[in-house]
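Residue numbers (the working numbering): 850 to 958.
Here's the structure we're looking at; comments come further down.
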């Protein structure tokens with residue numbers, strides 16, 4: 850469903866620990882909401898629990914929860930992390946996106 854690159858895994862683990870979450874017990878919540886310059890934008894946050902209807906996935910030792918509305922938009926997505934001087938932070942490589950904005954934070958189908 851959603852894959853997590855090695856660099857993204859390292860950054861997620863570090864951020865979760867910094868913010869009081871457990872990388873082995875808690876979740877990364879990934880979703881899609883209306884908005885952004887291309888129509889839809891990504892949401893990424895940490896969560897200690899799953900809600901009714903959430904789909905749960907695990908890749909590269911990262912537990913991911915996705916609300917049922919967002920699942921179709923995110924199928925096949927790879928979550929990557931690009932740091933450094935020209936880095937963008939977390940990047941969603943979504944094969945379903947037909948158009949993305951310049952910053953990569955929003956997309957359309």
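Note that the Cβ used here is the ideal one computed from N, Cα and C, for glycine as well.
With contacts defined as CB atoms closer than 8 angstroms, residue 916 and residue 900 qualify as a contacting pair. Residue 856: member of the alpha helix (DSSP H) spanning 855-867, first to last residue. In this structure residue 881 is not in contact with residue 913, their Cβ atoms being roughly 13 angstroms apart against a cut-off of 8 angstroms. Per DSSP, the beta bridge partners of residue 911 are 908.
Residue 934 carries a coil assignment under DSSP once its states are collapsed to helix, strand and coil. Under the DSSP assignment, residue 880 falls in the beta strand (DSSP E) whose first and last residues are 876-883.
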